[in-house]
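J.: Numbering (this note's numbering), first residue to last: 352 to 875.
Okay, handing you the structure first.
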Amino acid sequence: MSEFDAIFVGAGHNSLACAAHLAAKGWKTAVFERNETIGGAVQTREYTLPGFRHDFGAMNLSLFAGSAFHRKYANELNAKGLEFAPVAHCFASAFPDGRWFGVSNDLELTASRIAQFSATDAETWRRLVGLFPAEAEHLFRLLGSPISARSLAGTAWNLWRKKGMAGALDTGRLLLSSPRAWLEETFEAPHVRATLAAWGMHLDFAPDIAGGAVFPYLESMANQSFGMVLGKGGADTIIRAMAGMVTGAGGTIATGSEVAEITTAGGKATGVRLASGKTHTASRAVIANVAPGALVGKLLPGGSGDAGFDTAMRKFRHAPGTMMIHLALDDLPDWAAGAELRQFAYVHLAPSLDAMSRTYQQAMAGMLPDAPVLVVGQPTTIDPSRAPEGKHVLWVQVRVLPAEIAGDAAGKIAPAPWDAVKDAYAERALDIIESHAPGLRRKILGRAVFSPLDLERENPNLVGGDQVCGSHHLSQNFLFRPARGFANWSTPVAGLHLVGAATWPGGGTGAGSGYMLAQKLGGG
Ligand SMILES: Cc1cc2nc3c(=O)[nH]c(=O)nc-3n(C[C@H](O)[C@H](O)[C@H](O)COP(=O)(O)OP(=O)(O)OC[C@H]3O[C@@H](n4cnc5c(N)ncnc54)[C@H](O)[C@@H]3O)c2cc1C
Numbered sequence: 352m353s354e355f356d357a358i359f360v361g362a363g364h365n366s367l368a369c370a371a372h373l374a375a376k377g378w379k380t381a382v383f384e385r386n387e388t389i390g391g392a393v394q395t396r397e398y399t400l401p402g403f404r405h406d407f408g409a410m411n412l413s414l415f416a417g418s419a420f421h422r423k424y425a426n427e428l429n430a431k432g433l434e435f436a437p438v439a440h441c442f443a444s445a446f447p448d449g450r451w452f453g454v455s456n457d458l459e460l461t462a463s464r465i466a467q468f469s470a471t472d473a474e475t476w477r478r479l480v481g482l483f484p485a486e487a488e489h490l491f492r493l494l495g496s497p498i499s500a501r502s503l504a505g506t507a508w509n510l511w512r513k514k515g516m517a518g519a520l521d522t523g524r525l526l527l528s529s530p531r532a533w534l535e536e537t538f539e540a541p542h543v544r545a546t547l548a549a550w551g552m553h554l555d556f557a558p559d560i561a562g563g564a565v566f567p568y569l570e571s572m573a574n575q576s577f578g579m580v581l582g583k584g585g586a587d588t589i590i591r592a593m594a595g596m597v598t599g600a601g602g603t604i605a606t607g608s609e610v611a612e613i614t615t616a617g618g619k620a621t622g623v624r625l626a627s628g629k630t631h632t633a634s635r636a637v638i639a640n641v642a643p644g645a646l647v648g649k650l651l652p653g654g655s656g657d658a659g660f661d662t663a664m665r666k667f668r669h670a671p672g673t674m675m676i677h678l679a680l681d682d683l684p685d686w687a688a689g690a691e692l693r694q695f696a697y698v699h700l701a702p703s704l705d706a707m708s709r710t711y712q713q714a715m716a717g718m719l720p721d722a723p724v725l726v727v728g729q730p731t732t733i734d735p736s737r738a739p740e741g742k743h744v745l746w747v748q749v750r751v752l753p754a755e756i757a758g759d760a761a762g763k764i765a766p767a768p769w770d771a772v773k774d775a776y777a778e779r780a781l782d783i784i785e786s787h788a789p790g791l792r793r794k795i796l797g798r799a800v801f802s803p804l805d806l807e808r809e810n811p812n813l814v815g816g817d818q819v820c821g822s823h824h825l826s827q828n829f830l831f832r833p834a835r836g837f838a839n840w841s842t843p844v845a846g847l848h849l850v851g852a853a854t855w856p857g858g859g860t861g862a863g864s865g866y867m868l869a870q871k872l873g874g875g
């Protein structure tokens, strides 16, 4: 007899959401995590100095707060300690010409800022925000449902019924557009366009990549309409709450337990073998929260039995990498463009669409970008509990970087493995912040730098530092994530399922794949 109904490989937030739902349905679940800390890309730790809590990866929990999983289990999660910190001033960009623009959840405030660049754009913004609820219904339905030809047809039908043929085609066109195409035909001010385009760079949607417009669109409209949320005390609030649900319902979570192999018999998954040699059996499901390459390259040494699937998993494309710089600060940066920037959760340093396109192209060619895009997170401006009184943490995401370094676009850093160049490259990023916020370096009390390689060492799903576990370009999204025929989290091995950022509906903290698979397996 098997020990468990379901075994999970890895304790990412998708595994935990899936395990929490199945455990609530009476399944006997066990989650095996290789690290000593659960949560994968969602962790909060004192990386610099005691008392300074840094989000390792995800900081913005809006996707989780708006997720179907959270809607269903808000009471249970709250009972296990989940707490959000709401954000009114969501994101901004500071520009080299000394100007800035930012989106707050107060419509008139944002519109008045846009009007300083273009009165027409301010009117456009008001109009788009007014139309957003009707548009969001369709987009959230699409992104929040299992994907299949049938579900796409349902979305199309619903769109046609509510918006007519022309309106439905407009939504379809938005889904296919590049950020630049949408931004240039919608707004006239370069500062407004660049501020919104920076959201594409959180994924691998540089301004000219088809299919990327929807991310700046959704992020800006959702932030305007609902604000943003961070985790109170750290993003790991969602992890601790979900883990509490799993163990509270009798489930097991084992850390320091790397899964070396998924065991099979007669084409069916039967359990796992840990790196320690210990084996565990599951009668109903083995659910792998891993990167596609690792599933077939490592966990199924004999392959899945379907050569086409194995090839697709091996060829799964990863997006360019990220460096994370965590700073413990004496005080927030003094932004030269305006003191108001201190109140924003994110300040982007991404001067123009052309600069973002160039940075992306440099990274794709293996070059260290001369001017990476920076996402400067200021969580303690919203949640002071993450640092000792009066002090701050800064969360700096350096986008986008090659996994392997062929050269330096600035011609200053000799190509070498990341361990040898990460400190020099972090200085380049800090120079950019310093140029916008003079005196930053004097405020630094402690720092921790994670190169793309370090990110992968911490979590093997972040292949080459790819923070969203797989490119989201059109050819690898929707019905093709992670591969045609397997967008429903199935694999050719009966009872073996793949969840996580590499699967539909992709990266982020929305627990989408975990919760949708859980409902498929255990009922709603
Ligand atoms: C730097 C960074 C910033 C981000 N910022 C945001 C943000 O602000 N907002 C947002 O919504 N999203 C953000 N994301 C993306 C988001 O955090 C991820 O897409 C999401 O957390 C991935 O969740 P997952 O369930 O796929 O699992 P993962 O987080 O990838 O976790 C998988 C777990 O499985 C474990 N594992 C892997 N292989 C094995 C094995 N063989 N045996 C045992 N355990 C194994 C890993 O150690 C890991 O703990 C960010 C990501 C990064 C890296």
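Think of the CB as a built atom: it goes at the ideal place given N, C-alpha and C, for glycine as much as any other residue.
Give a single yes or no on whether P811 has its beta carbon closer than 7 angstroms to a heavy atom of ligand 1.
T.: Taking the first residue of the sequence shown as 1, we reach residue 811 at position 460. Checking every heavy atom of ligand 1 against the Cβ of P811, one is found closer than 7 angstroms.
J.: State the DSSP-derived secondary structure class of F667, mapped to helix, strand or coil.
T.: Along the sequence shown, read from residue 1 onward, the residue named residue 667 stands at position 316. Of the three classes helix, strand and coil, the one that applies to F667 here is coil, per DSSP.
J.: What residues are listed by DSSP as bridge partners for L745?
T.: As a working mapping, residue 745 is identified with position 394 in the sequence shown. Its beta-bridge partners are L678.
J.: Just to check, is the beta-carbon of M593 closer than 7 angstroms to a non-hydrogen atom of ligand 1?
T.: If you number the sequence shown from 1, residue 593 lands on position 242. No, the beta carbon of M593 sits no closer than 7 angstroms to any heavy atom of ligand 1.
J.: To the nearest angstrom, how far is the alpha carbon of G582 from that of P730?
T.: Taking the sequence shown and counting its residues from 1, one reaches residue 582 at position 231. Taking the sequence shown and counting its residues from 1, one reaches residue 730 at position 379. Computed Cα separation, rounded: 9 angstroms.
J.: Could you check if S366 belongs to the surroundings of ligand 1, using beta carbon to heavy atom distance under 7 angstroms?
T.: For the purposes of this step, residue 366 is taken as the residue at position 15 of the sequence shown. Under cutoff, so the answer is yes.
J.: Should T673 be listed as close to ligand 1, given that the test is whether its C-beta is under 7 angstroms from any heavy atom?
T.: Indexing the sequence shown from 1 puts residue 673 at position 322. Yes, Cβ of T673 sits closer than 7 angstroms to a heavy atom of ligand 1.
J.: Under the three-state reduction of DSSP, which class applies to I613: helix, strand or coil?
T.: Against the sequence shown, residue 613 aligns to sequence position 262. The answer is strand: DSSP assigns I613 an E or B state.
J.: How long is the line joining the alpha carbons of H677 and R779, rounded to whole angstroms?
T.: Here the question's residue 677 lines up with position 326 in the sequence shown. Here the question's residue 779 lines up with position 428 in the sequence shown. Roughly 15 angstroms separates the two Cα atoms.
J.: Mind checking whether the beta-carbon of E609 lies closer than 7 angstroms to any heavy atom of ligand 1?
T.: Here residue 609 refers to the residue found at position 258 when the sequence shown is read from its first residue. E609: yes, Cβ under 7 angstroms from ligand 1.
J.: Measuring straight from C-alpha to C-alpha, what distance separates Q712 and D817?
T.: Working through the sequence shown from its first residue, we reach residue 712 at position 361. Working through the sequence shown from its first residue, we reach residue 817 at position 466. If I take the Cα positions, the gap works out to 16 angstroms.
J.: Please name the residue, chosen from L849, V844, A845, that lies closest to A838 on a Cα-to-Cα basis.
T.: Along the sequence shown, one-based indexing puts residue 838 at 487. With distances taken between Cα atoms, A838 lies closest to L849.
J.: Under the rule that 16 or more other beta-carbon atoms within 10 Å means buried, what is A845, buried or exposed?
T.: Your numbering for residue 845 matches position 494 in the sequence shown. Label assigned to A845: exposed.
J.: Does any residue of chain C bring its CB to less than 8 angstroms from the CB of M572?
T.: Here there is only one protein chain, and chain C is not present.
J.: Does DSSP classify M410 as helix, strand or coil?
T.: Indexing the sequence shown from 1 puts residue 410 at position 59. M410: coil per DSSP, three-state reduction.
J.: Where L433 and D705 are concerned, what is the direct C-alpha to C-alpha distance, given to the nearest angstrom?
T.: For the purposes of this step, residue 433 is identified with residue 82 of the sequence shown, where counting begins at 1. For the purposes of this step, residue 705 is identified with residue 354 of the sequence shown, where counting begins at 1. Approximately 41 angstroms, taken between the alpha carbons.
J.: If M572 sits next to F483, beta carbons under 8 angstroms apart, how far is it from one beta carbon to the other, in whole angstroms?
T.: Here residue 572 is taken as the residue at index 221 of the sequence shown, counted from 1. Here residue 483 is taken as the residue at index 132 of the sequence shown, counted from 1. With a Cβ gap of about 4 angstroms, M572 and F483 count as contacting.
J.: Report the CB separation of D759 from V800 in whole angstroms; it is logged as a contact under 8 angstroms.
T.: For the purposes of this step, residue 759 is taken as residue 408 along the sequence shown, with counting starting at 1. For the purposes of this step, residue 800 is taken as residue 449 along the sequence shown, with counting starting at 1. Contact flag wrong, Cβ pair sits at about 17 angstroms.
J.: Would you check if the distance between the CB atom of P803 and the CB atom of M707 is smaller than 8 angstroms?
T.: Locating residue 803 in the sequence shown gives position 452, where the first residue counts as 1. Locating residue 707 in the sequence shown gives position 356, where the first residue counts as 1. In this structure, M707 does not lie closer than 8 angstroms to P803 by Cβ.
J.: May I ask you to list the residues that DSSP assigns as paired with P437?
T.: Residue 437 sits at position 86 when you count from the first residue of the sequence shown. According to DSSP, P437 bridges with V580.
J.: For the candidate residues I784, L554, G656, A470, whose alpha-carbon lies nearest to that of L683?
T.: Taking the first residue of the sequence shown as position 1, residue 683 is located at position 332. Looking at the Cα atoms, I784 is the closest of the given residues.
J.: Thinking C-alpha only, which one of R450, A636, G762 is nearest V360?
T.: Counting from one through the sequence shown, the residue named residue 360 turns up at place 9. Selected option, being the one with the closest Cα: A636.
J.: Measuring CA to CA, which of L400, L825, Q870, E691 is closest to A670?
T.: The residue you call residue 670 lines up with position 319 of the sequence shown. Comparing Cα positions, the closest option is L825.
J.: Report the option in W840, E612, D681 whose CA atom is closest to the CA atom of R792.
T.: Looking up residue 792 in the sequence shown gives position 441. Of the listed residues, the one whose Cα sits closest to R792 is D681.
J.: Smallest Cα separation from T546: which of G617, V454, R624, G821?
T.: Numbered from its first residue, the sequence shown carries residue 546 at position 195. Nearest of G617, V454, R624, G821 to T546, Cα basis: V454.
J.: Do Q818 and ligand 1 come close, with the Cβ less than 7 angstroms from some heavy atom?
T.: Taking the sequence shown and counting its residues from 1, the one referred to as residue 818 is at position 467. Because some heavy atom of ligand 1 lies under 7 angstroms away, the Cβ of Q818 counts as near it: yes.
J.: Quick one: Cα of K629 to Cα of L651, how far?
T.: As a first step, residue 629 is located in the sequence shown; it is residue number 278 there, counting from the start. As a first step, residue 651 is located in the sequence shown; it is residue number 300 there, counting from the start. Cα to Cα, the separation comes out at about 17 angstroms.
J.: Check L752 in the structure and name its three-state DSSP category.
T.: Position 401 of the sequence shown, counted from the first residue, corresponds to residue 752. In this structure, L752 counts as strand in the three-state DSSP scheme.
J.: Could you have a look at I358 and say whether DSSP puts it in helix, strand or coil?
T.: One-based indexing of the sequence shown puts residue 358 at position 7. Correct three-state label for I358: strand.
J.: Would DSSP call F446 helix, strand or coil?
T.: To locate residue 446, count along the sequence shown from 1; it is residue 95. Coil at F446, not helix or strand.
J.: Exposed or buried, what is M718 when buried is set at 16 or more other beta-carbons lying within 10 Å of its beta-carbon?
T.: Within the sequence shown, residue 718 is the residue found at index 367, counting from 1. The residue is buried, with at least 16 neighbouring Cβ atoms inside 10 Å.
J.: Tell me where the alpha helix (DSSP H) around I784 begins and ends.
T.: Taking the first residue of the sequence shown as 1, we reach residue 784 at position 433. Run containing I784: 769-787, per the alpha helix (DSSP H) assignment.
J.: Could you have a look at H699 and say whether DSSP puts it in helix, strand or coil?
T.: Start at 1 with the first residue of the sequence shown, and residue 699 comes out as number 348. If DSSP states are grouped into helix, strand and coil, H699 belongs with the strands.
J.: So, for P753: in the same chain, excluding its five sequence neighbours on each side, which residues have a beta-carbon less than 6 angstroms away from its beta-carbon?
T.: Here residue 753 refers to the residue found at position 402 of the sequence shown. Excluding positions up to five away in sequence, the list reads A714, G717.
J.: Pull up the CB-CB distance for A381 and I358, whole angstroms please, since I reckon it's below 8 angstroms.
T.: Within the sequence shown, residue 381 is the residue found at index 30, counting from 1. Within the sequence shown, residue 358 is the residue found at index 7, counting from 1. Between I358 and A381 the Cβ distance is about 5 angstroms, and since that is below 8 angstroms, they are a contact.
J.: At a threshold of 7 angstroms, does L344 count as lining ligand 1 (C-beta to nearest heavy atom)?
T.: Because the chain is modelled from 352 through 875, residue 344 falls outside the range shown and cannot be assessed.
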